[in-house]
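Chains A and B are the protein sequences, given in the same order. The first sequence runs 1311 to 1446 under our numbering. The second sequence runs 275 to 944 under our numbering. Where a beta carbon is used, it is the ideal one built from N, C-alpha and C, also for glycine. Just below is one structure, and these are the notes that go with it.
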Amino acid sequence: MHRVQVCVLYFAISCCLAAASRSVWDGVYTKAQASRGQAVYAEECMKCHGENLGGGEGGPPLAGKEFLEKWNGKTAGTLFGLMRKTMPSDDPGNLSSRQYSDLVAYMLSVNGFPAGQKELDREMASLDEIKIEMKR
Amino acid sequence: MKSILLVLSILAVALPVGAQHGMKNGEWRFYGGDSGTTKYSSLDQINAANVKDLKVVWEWKGQNFGRRPDFNWEVTPLMVGGVLYFTVGTRRDAVAVDAATGETLWMYRLDEGARGTVVARTINRGLAYWSDGKGDDRIIMISPGFQLIELNAKNGHPLTAFGKDGLIDLTEGLDRAVVKPGQIGSSSPAMVVRDTVVVGAALQAGTAPPSKTNVPGYIRGFDVRTGKKLWTFKTIPQAGEFGNQTWEDDSWKYTGNTGAWVPLAADEELGYVYIPVEAPTGDFYGGTRRGDNLFSDSLVCLDARTGKRIWHYQLVHHDIWDWDIGAPPILVDINVGGRPIKAVAQLTKQAFTFVFDRVTGKPVWPIEERPVPQSSTPGEKTAPTQPFPTKPAPFDRQGTSLDDLIDFTPALKDEAIKIASQYKMGPLYTPPIVRDTDGKLAMLLLPHHTGGVNWPGGAVDPETGILYVASLTNHDALALSVADPKRSDMGYVGGGGGRGGRGGVVGPNVNPPASDDGDSVRPIQKTNTGPQGLPLIKPPWGRITAIDLNSGDHLWVAPNGDAPDYIKNHPAMKGIDLSNAGRPSRALLMVTKTLLFAPEGNNLWAAAAGAGGNMFRVLDKKTGKLIHQIALPAMATGIPMTYMVNDRQFIVVAIGAAGVPAELIALALP
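Okay, here's the thing in structure tokens:
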């Protein structure tokens, strides 16, 4: 019994340590993925959020100071989860997980975060490890 | 002789106003009913006594048209010869349906490939129709990729002799070497005036444009038989053209937008077309285009066959509020003080009704240029005055002050004042501010930059000259931010003040509703930014106003249905009378000889949270009182239309909502 409790405690501490262990500055998506995301954006998102993610009549900006201030300290998983739950606004959740992940990659690229060698995952647990930080 | 003149004079005064417009033969040949966009039908089978017996007689489902279902179908079908014609789906396919039964007769799908994938506007409102009266009947469509197509109305086959192999590329001839996919298109149908097809244009919203350089939304006229381009009206005048000097620093060379995205109107007898022109590039910052910017925000009357400008009137000089002309012009013959006038009434986002003699462009009631507040934004140069019509009175709240804030209880009023004090308030045409100027987050814009009115506009009874207007009372927190030079060369862009457009979080204690009503899947929206997630501005949040265009007087104002449930059930609203609060949406008006039809719905994007009720309301034209209401399966998304087939009057309306794919509903008596 005592051993079980120790294991649970160890697991919980591991999870906490694992959470947000990386940041968007660590090259968490690939250029190819952002490019796929750009295509999805143009078809699905641009009409509300504007050509350059600057915001439009139907949606707020997805890039720039205001956007980053809002998301600073949160995780890529939170962003991915919100998008999957609420977007596109007329048909929430009806893009594929890969498309949502590609869109996050595109948003990171437009916001100036560097690309890397590995694609952004589409699993929430993995995405939750990536912290959005305005400054490195 | 004198006595004859006297009799004639009396007759002239006593005769009802002209009924030139309005439908004939129980049909609905234009998007707005007739070319004058009256949305009026003289049909009277459905009346106050029997309207309660209306039943849904057929439904036509659009779910499988387009790559994914459409949920926000702003269409109004045409009805000609017992057949409905309309566009449907995110690919904007054209469909013909039996008007009596809803049976699909034909469909046409244009595969535009990549051109049709990234488009300026996925919204579609419908089609245009032309006939030579001898059996050559044509359907005219503008594709999502901005091509003009004509179809044989009998079978939907494209007419390959039209244009080049049946298509006209509308991205050509716009004074730009390259027009990228998605830069320009049209959500509204073309207007047919005799044998000319007139095409407007819609572009991406200009909240935060990537560049001051954009494609201009020129207006074009084409021969309906051949597709030959007859003329181009340059809404941004080029060197040497009238109005060019209103674009300082050569800004006419690069500025774009200035299209006409709402449906056009026309007087077939005069051969004139009326163009409601939109704002230039940069919805909220005009430092890159100083000057009055003709013909932006102008109502322009053109000879439809030649494109020659007959008259114009600019309704906003140098627009930095996105208060472009967002509603179709409405043509109606009125009688003012015994003087018959062929009039055009132009409703605006900022809640004015401008009324002109549509032959001469002369205002029916004086329009005064009045001084307005000036901008402090670097580089901006506000117009010193703006036009204010002296009559009719505004149909909605204009500008913000503490008197406009909710005051249901002293505590709520205090909270509202605390929230509003973070913002700049002021009269109509107070300019947007740069975020944090003088410690203020943004400027409270009222009406919202989507209006007041928007594309649903109004409807008019040509037999009485009474105009019915549906408007929304909702503010926006509008501020500018310095544009990131990597992403825009505009200098300043909108979206910094608690968000341009929707989705703004304003102030503390924001607890917006998760949806319109408990059972809706509509996503969270943060537009109700007053105390405790309530609206900040006093009700009615949606209203219908009846205006007698013969006198210019308001006759009545009715709320647009009930307040949304989330407000009625809000703990802070306990015991508060909300009977006249109305839904925060623009009713979609249609008027007949007997009744005013006012589904209380709206589209998904240009309204506050809590908009979009499902009730199809039927009102008394004389009083605005509710006669009957019918619960639709979802909210109305298009303006209803009516017609007669086999001695039976039908009413057809498009419905949908987030999670409820678009469909048409047909109502008729048993």
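Asked: Does LYS1441/A pass the burial test, meaning 16 or more other C-beta atoms within 10 Å, or should it be called exposed?; Found: buried
Asked: When you compare the CB positions of GLY581/B and GLY495/B, do they come within less than 7 Å of one another, or not?; Found: yes
Asked: If I follow the unbroken alpha helix (DSSP H) through LEU1413/A, where does it start and stop?; Found: 1407–1420
Asked: For the stretch 337–368 of chain B, which residues have a beta carbon sitting closer than 9 Å to at least one beta carbon of chain A?; Found: ARG341, ARG342, PRO343, ASP344, PHE345 and ASN346
Asked: Is there at least one Cβ from chain B nearer than 7 Å to ASP1412/A's Cβ?; Found: no
Asked: Who are the neighbours of VAL392/B on chain A, taking C-beta pairs under 8 Å?; Found: ALA1352, GLU1353 and MET1356
Asked: Between the stretch 816–827 of chain B and the stretch 757–765 of chain B, can you find at least three pairs of beta-carbon atoms closer than 8 Å?; Found: no
Asked: If the criterion is Cβ atoms closer than 7 Å, does the pair SER570/B and PRO550/B meet it?; Found: no
Asked: Out of LYS687/B, THR683/B, LEU679/B and ALA685/B, which one is the CA nearest neighbour of GLY700/B?; Found: LEU679/B
Asked: Classify SER462/B as helix, strand or coil using the three-state DSSP reduction.; Found: coil
Asked: Helix or strand or just coil, what does DSSP make of LEU720/B?; Found: coil
Asked: Is ASP327/B buried or exposed, if buried means 16 or more other CB atoms sit within 10 Å of its CB?; Found: exposed
Asked: 7 Å is my cut-off, CB to CB: does THR481/B come that close to chain A?; Found: yes
Asked: The beta strand (DSSP E) spanning ALA540/B covers which residue range?; Found: 539–541
Asked: What residues from chain A crowd round VAL473/B, counting only those whose CB sits closer than 7 Å?; Found: Residues of chain A passing the Cβ test: none, with the nearest at roughly 20 Å.
Asked: Quick check: is the beta carbon of PRO1424/A nearer than 7 Å to any beta carbon in chain B?; Found: no
Asked: Please list the partners that ASP1401/A has in chain B, where partner means a Cβ-to-Cβ separation under 8 Å.; Found: ARG342, PRO343, PHE345, ALA932 and GLY933
Asked: Ends of the alpha helix (DSSP H) at SER1436/A?; Found: 1434–1437
Asked: Are there three or more Cβ pairs, one per stretch, closer than 8 Å when the stretch 929–943 of chain B is compared with the stretch 317–331 of chain B?; Found: yes
Asked: So, are the CB atoms of PHE626/B and PRO663/B less than 7 Å apart?; Found: yes
Asked: Cβ of ALA402/B within 7 Å of Cβ of VAL466/B?; Found: yes
Asked: Name the chain C residues that come within less than 7 Å of ASP758/B, Cβ to Cβ?; Found: Looking at the structure shown, chain C is missing, and the protein chains on hand are A and B.
Asked: Which value, in whole angstroms, describes the spacing of the CA atoms of LEU870/B and LEU1372/A?; Found: 42 Å
Asked: Classify THR627/B as helix, strand or coil using the three-state DSSP reduction.; Found: strand
Asked: Hey, is the stretch 739–755 of chain B in contact with the stretch 530–548 of chain B, meaning 3+ C-beta pairs nearer than 8 Å?; Found: no
Asked: Could you give the distance in angstroms between the alpha-carbon of ASP790/B and the alpha-carbon of ASN843/B?; Found: Only weak support is given to the placement of ASP790/B: the predicted model assigns it a pLDDT of 35, under 50, and the question is left unresolved by the model.
Asked: What distance in whole Å lies between the Cβ atoms of ILE691/B and LEU676/B, which are believed to be in contact at a cut-off of 8 Å?; Found: 6 Å
Asked: Against GLY1387/A, what residues of chain B qualify as contacts under a CB-to-CB distance less than 9 Å, listed in chain order?; Found: Ordered by position in chain B, no residue passes the 9 Å Cβ test against GLY1387/A, which lies about 18 Å from the chain.
Asked: So, for GLY256/B: in the same chain, excluding its five sequence neighbours on each side, which residues have a beta-carbon less than 7 Å away from its beta-carbon?; Found: A query on residue 256/B cannot be resolved here, the shown segment of chain B reaching from 275 to 944 and no further.
Asked: Any beta-carbon of chain A closer than 7 Å to the one on GLY777/B?; Found: Note on GLY777/B: pLDDT 33, under 50, position unreliable in the model; no value is reported.
Asked: Checking contacts by CB at 7 Å: is GLY1383/A closer than that to chain B?; Found: no
Asked: For the alpha helix (DSSP H) that contains THR1396/A, what are its first and last residues?; Found: 1386–1396
Asked: Kindly confirm or deny that the stretch 895–909 of chain B and the stretch 304–321 of chain B touch, where touching means at least three C-beta pairs closer than 8 Å.; Found: no
Asked: Is there contact here, the stretch 435–442 of chain B with the stretch 415–427 of chain B, by at least three beta-carbon pairs under 8 Å?; Found: yes
Asked: Report the residues of the stretch 479–510 of chain B with a CB closer than 7 Å to any CB of chain A, ordered along the chain.; Found: ALA479, THR481, ALA482 and PRO484
Asked: Is the distance from the Cβ of ASN888/B to the Cβ of ALA861/B below 7 Å?; Found: no
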